[in-house]
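Structure record follows, encoded as structure tokens.
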Amino acid sequence: MASTLQMDLYRTGAGLFLFCCVWGCFIPTTTYKRLGLMAHSQAASMGTMAIAAGVLVEHLSTPLQEWEACVIYWGVWVSWPMIFTQIAAAYWGANKMLPIAGEAAPGASPWKENVVAAAHIAAVLGNIPAWAIICWRL
16 MASTLQMDLY
26 RTGAGLFLFC
36 CVWGCFIPTT
46 TYKRLGLMAH
56 SQAASMGTMA
66 IAAGVLVEHL
76 STPLQEWEAC
86 VIYWGVWVSW
96 PMIFTQIAAA
106 YWGANKMLPI
116 AGEAAPGASP
126 WKENVVAAAH
136 IAAVLGNIPA
146 WAIICWRL
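Here the numbering used here is used: position 5 in the sequence shown is 20, and no number is missing along the way.
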């Protein structure tokens with residue numbers, strides 16, 4: 016039987032995959048399609064990451080402490096705001112955080128660029144400790 020954390024990670028991953036499939040239908044509606052495609056690809060890769068985290072949590076050498084499980088859960092969950100701001104960037108033309116995908120975009124107002132940047136920084140700051148715990152405990 017999978018633990019609550021494992022099931023939460025599986026649900027997050029499956030949800031990201033479902034969202035990826037649905038969002039793919041809307042990419043043509045975006046102003047900056049490469050940014051829209053980036054959000055689609057990122058949702059797929061973050062979904063894979065969440066499911067992989069769920070699988071790996073089952074095989075840790077020692078049980079997780081409650082705070083470690085919390086760090087892993089939120090570290091993976093923080094992918095959602097990042098995906099949503101990538102979608103916003105595809106309409107806004109925000110290109111500071113994703114300069115390659117946003118190459119054709121003119122850039123957005125500072126507050127929009129800051130929203131996208133904050134979500135991406137939060138995702139990085141959430142994922143690094145989550146994966147450090149998983150790697151340490153394997």
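Just so it is clear, CB atoms sit at the ideal spot from N, CA and C, and this is done for glycine as well.
Kindly indicate the opening and closing residues of the alpha helix (DSSP H) around residue i.
i	result
Ala59	48-72
Pro43	Looking at the DSSP string, Pro43 is not in any alpha helix (DSSP H), and its letter there is neither H nor E.
Gln21	19-39
Asn142	125-152
Pro96	94-107
Would you mind working out which of the options sits nearest residue i, comparing C-alpha positions?
i	options	result
Met97	Arg152, Gly62, Ile66	Gly62
Lys127	Glu118, Arg152, Phe99, Trp146	Phe99
Leu20	Pro125, Glu118, Gln80, Pro43	Gln80
Our contact map puts residue i next to residue j with C-beta atoms below 8 angstroms; I'd like the distance itself, whole angstroms only.
i	j	result
Leu71	Ile149	5 angstroms
Tyr47	Ala138	No, Tyr47 and Ala138 are not in contact; Cβ-Cβ is about 20 angstroms, not under 8 angstroms.
Helix, strand or coil: which one does DSSP assign to residue i?
i	result
Glu118	coil
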